[in-house]
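Chains as they are written, first to last, in my numbering: chain R, 200 to 1237; chain W, 5 to 307; chain V, 858 to 1070; chain U, 4 to 120.
All C-beta atoms in this analysis are idealised placements derived from N, C-alpha and C, irrespective of residue type, glycine included.
Down below is the structure, laid out as structure tokens.
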Amino acid sequence: MVNPIFILILSLAAGFLLSIFEKGGRKLSLTVFYGVLSFNVFVIAEWFYRIVFLSEPALIINTAGFTAPLSINLRLGLQESFVLLFTNFTGLMAAIYLFRKFIKSHISSLILYLILIMGINGLVMTRDLFNMFVFMEIVSISTYALTILTKTRDSLTAGFKYMIAGGTASIFFLLGVVFVYYFTGNLNLDFITQSDFSHFGLISLFLLAMAVFIELKPFPANGWALDVYQSVNSGITSVIAVVNSAGIFFVFYKISPLLPVHLLHILGIAGVITFFFSNLMGLKQTNAKRLLGYSSIGQIGLLVASLSFTIHYQTSLIYLIVGGFFVNHLIAKAGLFWLTGIVEKENLKDWGVLKNNKSLLILFGVLLFALSGLPPFPGFWAKWEFIKILTQTKMFWVVGTILLGSLFEIIFLFRWFTIAVKGDIDSNEKEIPFEFSKLFPIALFSGIILLISVAIMKSYYDFTLIQLLPIIAVLGVYLLDFIPSKIKGFLSLIVVGIYGYYLYPFESNLQLFFGIIFIVGSAINIIGTLNRKNLSQGFYGFLLMMIFSFGNLIIAKTYLEFFLAWEFMTISSFVLILRGNKAQMASLMYMIFSTAGAYLMMVGFSYAPALNSNSVLINSIANVQLPVLSIILLAIGFMIKSGSFGVHIWLPEAHAEAESDVSPFISAILLKAGVFGLLMIGISYIKNTPSFDVFYFVGWFGVITALVGAFLASFQEDAKRLLAYSSMSQVGYIVASIAILSHLGWLSAMYLSFNHMMFKSALFIAIAGVYYRTHTRTMYEMGGLIKKMPLSYITVLISIIAVSGVPPLSGFGAKWLIYSSFIEKGWYFQAGVLFFSSGVSFLYLYRLIHTIFLGQLKYEHQDIKEAPIWFIIPQYIFMAGIMAISMNPNLIIQPLNSIVGHYFQSAILIDGYNITSSLGNWNGNLVMMVTMGVFIVPLLFLKLYNGKTQKVEQFNIVYAAERPESPQTTHIAHNMYAHYRKALGGWGKPRIWNFWHEATEWSHSFGDFFRHIYTGNGQTYILHIILYIVVIYIILGV
Amino acid sequence: MNIWIKILYAIISISVATIYGLILGGFVRKIYARAHGRFGPPIWQPFLDIIQTHGRRVAISHGVMYYLGPVFRLGGGLGTYLFIPVIYGSVVFANFSMAGDLLLVMYFIFFGQLGMALGAGQGGHPYSPLGIARGLAQMSAFEVPFSLAVIAVAIQYQSLNITTIVAAQQGSILNWTLFTNPFAVIAAMISLLGMNMHSPFSIVLAPQEIPIGPPIEMNGSFLGILQTNRGLFAAAKLVLFMNLFFGGATNLLIMVIKTFFIYLVSVIVGASFPRFRPEQSFRFFLKWPTIIGIIGIIFVAYF
Amino acid sequence: MKKKDINEIEKQMKLANEGLPEKERALFSDARPSSVAPLNKYLEGFLNWARSRSMWMLAFGTGCGATELRPLMTSRFDMSRFGIAPRPTPRQAAIFVVGGYASIKTIKRIVRSYEEMQGPKYVIALGSCTINGGMYYDSYYTINRLDYYIPVDIYIAGCMPRPEALIAGFNRLKEKIRAGECEGMNKYTDNFDWYKKNQKQIIKDWNMPDYNW
Amino acid sequence: MIFALILGFALLLIGIYGMLSQRNLIKIVISFSIADTGTHIIIVAIGYLRGRTAPILDKAIDIANATHKVVDPIPSALVLTAIVIGLAVTALMLSFIIELYKKKKSLSIDDYQELKW
């Protein structure tokens, strides 16, 4: 137990003595240097341990034998020890990171570094404003000097700008301090209260706050900081961005109780604006370190905002929110800055080199996901609670700005990530050299942030193991990644089986139904992945993560559990999509749209009233009256996931570019998560009808989605894209049926969901098999494969009949239910649109089967074989399901009838095989029998009456008395529905795509426009600072 | 009811419909010929053609789907017909209409078309998919006014059951949907023009552009089956329209008269107009008849 | 012979298809056509009756005689009253009307189209040129006798024959079909090698299979 | 004292104006120094509390009430420290300028704006 004052003393002493030690060689001085840094960490760690776990009171250290206010006092409480532990530890790590640099550099850099750390320690602990100024200046001067550790012209310029900006800020701080003294006669924070200040005295606090605030780099008075981040050595940058920022933020935290609420709010809003604009400007940034700088500035803005808006809430919440943002941002940022130093690529485009270095890539991923505020990282929890507070206090503008800013951040961070995973690299690119001293801190920080995440989940939220399962899956499979992928696949199958068995005792049958779609459907689809030949590193981990999150979605008991599972689902599916060969753009779009949806849902859930039962969400939400705003936001969120019209553009890309055995998961199962969510809102909706009929519009969106999806599918050349749009269309039907809010409607929605899961899985797996053999997805490059891949053909045939709704297969049941429900409800025009889209669906279905399997076989496909057995097995499992339901629709209709019966009065009568609705009836079995009959009779007739039948080959066609030139010119497949496109005229333009494209362009242009205020001229930056203070002053209106 | 008797009735019903449909086809050719100032073939010419095609000694087949295509087609025709109650109150001609309602019939129409499209597709001839692409596109377009009309009928009678719809139209000629909901009937009749694929909507078979389109490779019995189906399917569609919009029929004679006049509409239009280009046809269906269909729905639902 | 034996022989008698490049061989059927015996008297008679009354023709405008085919469809001559109907594809046609002189380029197409028709099939040769070359008797690029290349059932002489003559020819063909005399298809398969030899003698760029199914 | 205060503020404003208007790096540093000095003068001017004595603990002051009788020595200490710090910063700035000049042979701040946006 060492008095923390020794940190200061020892550091200072060592700092002075280092140049003497240097005489004994660099080894000795380095030993002393690292020894002191470690000592600091050790001392603080011990104090932290005592305060947190042994509940010791905060330590007050009086200096010079006097009590405060006459003397300066230091305080080491919970907050201080936490911040100090963090800063000292980061300082040590950064020093380790800089080890190679420190071996060679001048001894003064070691001294400066020690003094810097010492200054931070003092800054955090001191309770005296004057002392604070001194420490701040110590920190600043040592930082200025350290900026030129790597002496380049850029770092010199940046350092100079930094100095004049910092100097200006310190003038204001000095003025603030002296005014505080003038008005209160005191400089000790423990002895000053807000009431000590007259109205006029607020000016002193204002100056003080502004000086600190300027050091925290608010937009737009922060150009100097960006330059520093960009140009200075990564190790030092990490110290400036993390250690310094942490210290200065803590100063802000210390003086914040003094600040009047409205000033605090203005600063909070300034923080939000900073967050928004720096992320907006980050969009256009291509320099990795400067980008991190933008992100850093933004995050600090968010940190300030979170502190300003939550300061009056309970302490544990502040710890979670502010602490969460703090830890999350700083750890991630430190790690990322260090990474930039290792990769040494300035331009983001060149970051594809990471692809060859898996361990760096993983670290990069962890840190980036953390920085983006995705679960399980602390930033997620902080954001969730923060948004909740803001929403409940109806600060919607702030919420919107923060979330939009976060979205921009997601965009540039994930663009970076996708480049790192999938970007192009030079073939003569050198391997990234391995340096333990550089890698170690990053790895350690990644580990720490994961540990903190788990700690928050376990201790603050009390999550059970099952909620942690998605993370455990990823980490667990990562450890087992050396096993061949087939074994991993079988293991996954078993694990999913056990997981399903564990989940099985559901509270409601609705859960069971979705359990079957999610878990059983996934399990069957896993069989398709067994075809993988190589190690498939990381694949099964994220696959399991996705499946577990599906499961967790349906057993979620609170909004947070639901949302957590939702986010895990998004993350895992994003990674899975990104594994595709050309999936860079696709996965990015998926991530952006998913995140936008998730943010809307976050607000929606935050605004929803608290649940008051311990039942699963899907049950307990029935007792809650969701406000209209919540319903709208949640509905949009879910509809983004289900690919509704307007927000569908991610869908075809993601489905098409994902690996072909991943697509069935995305299309057949993932989209159902949105369906599940909509049903969940619906359950609340029917019990507590809101004043505004949101679902009427949802219904319209559903039918338009169905129509547009069908048209878009018809105009695709890419088989998987076609299937993707088909999914969009089908889910449109489902969404519209849910929106009907009637027994028949929900029956049809669930029936179609189940059916869609089966036939779309089968279709995607079949196409996966075709792709596996032909290596192309472009349909017109195939053709005539029926003779080569008959089993796949049969799957596709049965599936497209099921999709199209042609009797006697199960698809007709869906159509019958849907139209009956629409007409029953009185949604006549919607039904008309659905009829139209179901007519259009024939176009793409025929195109799919014809251009791939019928027509002319190409030369290069003359000796391909049937798809591998692992693709055939799942297909035929699904086929068996479709045929069973087709023969006996009661297999599914009856259970669904009872499930939906919980929510609505049953509207159908089941009598044997006959199902009667209020409008008509349908006897699936009889239809099947009659169809069999009318099929077999002509077949026998044909067999009997056809003369000698000669089987001929593909070129034995009449061809205007000529012979076909080549299969390519004889196969009608390219732009098959050109005439329809022509007929549609202006309606066929990709307006939605253009809209989002324009939105992207505009936001990038705005970002570019705003970042031009950073002219690079130091004087302009000073002007910004001064103007900023003046403007805030005017707004404050003191 | 004994299933065998049911099947026997079905066979009778189908035979009547097929013969009627084929004769109707012959009659139409006669009408066309007269419009051209010719004598034209005898009315029973379709039968001769069918016998002749079945009498071919050799037939070529491009594969399994090609073989099954016509089977699907005729199956579709048979099924469509079998799910429609042909004569109101008749046991023999009730067919298997208890298996489902109007929606079933509407979707069963696609059964044959899809199967035929697949068969033609395996034929490997470029004109087949061209014709099918036109056909499918046109179908999706004329389905719009037709489905709007069907919705209007469903609203009007609060039922999708064809027998119920027919029953509601009994009593007086003014009870026919034609008079109670003229807009829906107009929309449906225009889409019938498309379904029957006479000019100006004969873009699928268009012998001058894409020599006969989908069935270009069809020969021998394959073609014979298709021709048989053409008669049956025409009869089925006409009976459906008669049931939905023209009061149904209580005996065979009325059925023949009504369906003949319904068909005459297509024939007259067909004999008077040249062919549309495909995109003109799609646009046409998505414009005027659709608007009329919407008016039809508004008319029954909100007035 | 038993059916099994026939199959066996057929298997041995695959066509060589030497005119085709290697990679296209699999794209064309190499089955050799075989003759099909008529059914028993009554059944064949019935079918022949139907065939004679439903004459689907492939109106292949090979030469100038094709000009005379068109008026047949008009209201003046109205061939449809005889059950004659044009078909757009050889697959569905039973009567091949060779409309006049056949140049070597055309004879290739004639052979191809003829072989693509499904039997029983009949050939009407129009105009003198198909009989003896007519005015092209000494042309270097026109064949003189059509029935060296495909079996012809009816010749309609004249340069050119009027539509009335054509109708007379059709009626004569009708009678021949009724009488069961038109077995040109079997003649072609029975003398397949002879016909092929003749065809290949004049068609130099033989880039199609030996029999166009 | 008021005069000192006004002078301090005047110097501060002049310094800031100089920092904003001068293009020469050295002149900017000089302006900064002027502003800094202005601040120091302000501190000195307002650091004195009217009616209290110097913070020297001798007999004249009752030790128990010392906190209410004496002027806190902090402002004076503050000024001293601030001067020292200002000096350090100025020195550092000048050394940066030297380095910059070595690199680019220019003293105009306009020549050092490659880092931007």
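- Query: Going by beta carbon distance, what residues of the same chain come within less than 7 Å of V/Ser911, once the five residues before and after it are set aside?
  - Reply: What you label residue 911 of chain V is simply residue 54 of the third sequence in a count that begins at 1. Only Gly940 meet the Cβ criterion.
- Which partner residues of R/Asn546 appear in the DSSP bridge assignment? Mapped onto the first sequence, residue 546 of chain R falls at position 347. R/Asn486, per the DSSP bridge assignment.
- Item | Where R/Thr977 meets chain W, residues with beta-carbon distance less than 9 Å | Position 778 of the first sequence, counted from the first residue, corresponds to residue 977 of chain R. Those do not exist, as R/Thr977 stays about 16 Å from chain W at its closest Cβ, beyond 9 Å.
- Message: Does V/Met914 come out as helix, strand or coil in the three-state DSSP assignment?
- Response: The residue given as residue 914 of chain V occupies position 57 in the third sequence. Note: V/Met914 maps to strand in three-state DSSP.
- Message: In this structure, how does DSSP classify R/Ile1221 when only helix, strand and coil are distinguished?
- Response: Taking the first residue of the first sequence as 1, we reach residue 1221 of chain R at position 1022. Note: R/Ile1221 maps to helix in three-state DSSP.
- What distance in whole Å lies between the Cβ atoms of R/Phe378 and R/Val411, which are believed to be in contact at a cut-off of 8 Å? Within the first sequence, the letter at position 212 stands for residue 411 of chain R. Within the first sequence, the letter at position 179 stands for residue 378 of chain R. Going by Cβ atoms, the distance from R/Val411 to R/Phe378 rounds to 14 Å, so no, they are not a contact pair.
- Message: In whole angstroms, give me the CA-to-CA distance for R/Tyr512 and R/Pro808.
- Response: The residue labelled residue 512 of chain R in the question sits at position 313 within the first sequence. The residue labelled residue 808 of chain R in the question sits at position 609 within the first sequence. Whole-angstrom Cα-Cα distance: 19 Å.
- Could you say which of W/Gly59, W/Ile35, W/Leu72 lies nearest to V/Asn897 if we only look at CA atoms? To locate residue 897 of chain V, count along the third sequence from 1; it is residue 40. The candidate whose alpha carbon is nearest that of V/Asn897 is W/Gly59.
- Which residue comes first and which comes last in the alpha helix (DSSP H) that contains W/Arg77? As a position in the second sequence, residue 77 of chain W is number 73, starting the count at 1. Looking at the DSSP string, the run of the alpha helix (DSSP H) that includes W/Arg77 is 68–86.
- Cβ of V/Trp1063 within 7 Å of any chain R Cβ: Taking the third sequence and counting its residues from 1, the one referred to as residue 1063 of chain V is at position 206. So no, V/Trp1063 is outside the interface.
- Message: Suppose only complete runs of 4+ residues qualify. What are the alpha helix (DSSP H) ranges in the stretch 959–1012 of chain V, listed by chain order?
- Response: 961–973, 986–989
- Query: Candidates R/Gly714, R/Ile499, R/Glu630: which alpha carbon is nearest R/Lys557's?
  - Reply: Sequence index remark: in the first sequence, residue 557 of chain R carries index 358 (1-based). Considering only alpha carbons, the answer is R/Glu630.
- Interface partners of R/Phe1209 on chain W, CB under 7 Å: Position 1010 of the first sequence holds residue 1209 of chain R. The premise fails here: R/Phe1209 is roughly 46 Å from chain W at the closest Cβ pair, so nothing lies under 7 Å.
- Kindly list, in the order they appear in chain W, the residues whose Cβ is closer than 8 Å to that of V/Val1078. Because chain V is modelled from 858 through 1070, residue 1078 of chain V falls outside the range shown and cannot be assessed.
- Neighbourhood of W/Ile190 by C-beta, 7 Å cutoff - its chain only, sequence neighbours within 5 removed: Within the second sequence, the letter at position 186 stands for residue 190 of chain W. Once the five neighbours on either side are set aside, the close Cβ partners of W/Ile190 are Ile296.
- Query: Got a sec? Which residues, its chain only, sit under 7 Å from R/Leu519 by beta carbon, not counting five neighbours each side?
  - Reply: Along the first sequence, read from residue 1 onward, the residue named residue 519 of chain R stands at position 320. Within the same chain, R/Leu519 has close Cβ partners Trp580, Ala581, Glu584, Tyr659.
- Measure the alpha-carbon distance for W/Pro46 versus V/Phe903 and round it to whole angstroms. Position 42 of the second sequence, counted from the start, is the residue given in the question as residue 46 of chain W. Position 46 of the third sequence, counted from the start, is the residue given in the question as residue 903 of chain V. Their Cα atoms are separated by approximately 18 Å.
- Query: Per DSSP, what kind of secondary structure is W/Ser163 in: helix, strand or coil?
  - Reply: Within the second sequence, numbered from 1, the residue matching residue 163 of chain W stands at position 159. It is coil, neither helix nor strand.
- Item | Residues in the stretch 881–907 of chain V having any Cβ partner in chain W nearer than 7 Å | Val893, Leu904, Ala907
- Item | Where the beta strand (DSSP E) containing R/Trp1121 begins and where it ends | Position 922 of the first sequence holds residue 1121 of chain R. Here the beta strand (DSSP E) through R/Trp1121 covers 1120–1122.
- Task: Please decide whether U/Thr84 counts as near chain R, where near means a Cβ-Cβ distance under 7 Å.
- Result: Locating residue 84 of chain U in the fourth sequence gives position 81, counting from the first residue. It does; some Cβ of chain R falls within 7 Å.
- Query: Can you name the residues that DSSP bridges to U/Lys108?
  - Reply: As a position in the fourth sequence, residue 108 of chain U is number 105, starting the count at 1. Answer is none; U/Lys108 lacks a bridge partner.
- For R/Thr509 versus R/Ile588, is the C-beta distance shorter than 7 Å? Here the question's residue 509 of chain R lines up with position 310 in the first sequence. Here the question's residue 588 of chain R lines up with position 389 in the first sequence. Closer than 7 Å, so yes.
- Beta-carbon proximity list for R/Val893, same chain, < 7 Å, skipping 5 on both sides: For the purposes of this step, residue 893 of chain R is taken as residue 694 along the first sequence, with counting starting at 1. Counting only Cβ-Cβ distances below 7 Å, and skipping sequence neighbours, we find Val827, Ile830, Ile831, Ala834.
- Hey, R/Ala853 and R/Leu606: beta-carbon distance below 7 Å or not? Along the first sequence, read from residue 1 onward, the residue named residue 853 of chain R stands at position 654. Along the first sequence, read from residue 1 onward, the residue named residue 606 of chain R stands at position 407. Contact flag unset, no.
- Message: Looking at U/Ala7: is its Cβ nearer than 7 Å to the Cβ of U/Ile46?
- Response: The residue given as residue 7 of chain U occupies position 4 in the fourth sequence. The residue given as residue 46 of chain U occupies position 43 in the fourth sequence. It is not a contact, given that the beta carbons lie outside the stated cut-off.
- Query: Which residues in chain W sit within 8 Å of V/Trp1070, going by Cβ to Cβ distance?
  - Reply: Position 213 of the third sequence, counted from the start, is the residue given in the question as residue 1070 of chain V. Near V/Trp1070 (Cβ distances below 8 Å), the residues of chain W are Ile64.
- Query: At a Cβ cut of 8 Å, what residues of the stretch 18–37 of chain W count as close to chain V, listed as they run along the chain?
  - Reply: Arg33, Ala37
- Message: Short of 9 Å Cβ to Cβ, which residues in the stretch 937–949 of chain V face chain R?
- Response: Thr946, Pro947, Arg948
- Name, please, each residue of chain W whose Cβ falls closer than 9 Å to the Cβ of V/Gly976. Position 119 of the third sequence, counting from 1, holds the residue named residue 976 of chain V. Under the 9 Å cutoff, chain W gives Arg60, Arg61, Val62.
- With 7 Å as the threshold, decide whether the Cβ of R/Trp1186 is near any Cβ in chain W. Indexing the first sequence from 1 puts residue 1186 of chain R at position 987. So, not an interface residue.
- Task: Can you give me, in chain order, the residues of the stretch 1049–1071 of chain R that have a beta carbon less than 7 Å from any beta carbon in chain V?
- Result: Tyr1058, Gln1061
- Message: Whether or not the stretch 614–626 of chain R and the stretch 499–508 of chain R are in contact is what I'm after, with contact meaning three or more pairs of Cβ atoms, one per stretch, closer than 8 Å; do they touch?
- Response: no
- Query: In this structure, does DSSP put W/Phe97 in helix, strand or coil?
  - Reply: Position 93 of the second sequence, counted from the start, is the residue given in the question as residue 97 of chain W. If DSSP states are grouped into helix, strand and coil, W/Phe97 belongs with the helices.
- Query: Any idea which residues DSSP pairs R/Asp327 with across the strands?
  - Reply: The residue you call residue 327 of chain R lines up with position 128 of the first sequence. DSSP, once it has assigned bridges, lists R/Asn387 as partnering R/Asp327.
- Message: Which residues does DSSP list as the beta-bridge partners of R/Asp917?
- Response: Reading the first sequence from its first residue, position 718 is the one you call residue 917 of chain R. Note: R/Asp917 sits in a beta bridge opposite R/Thr977.
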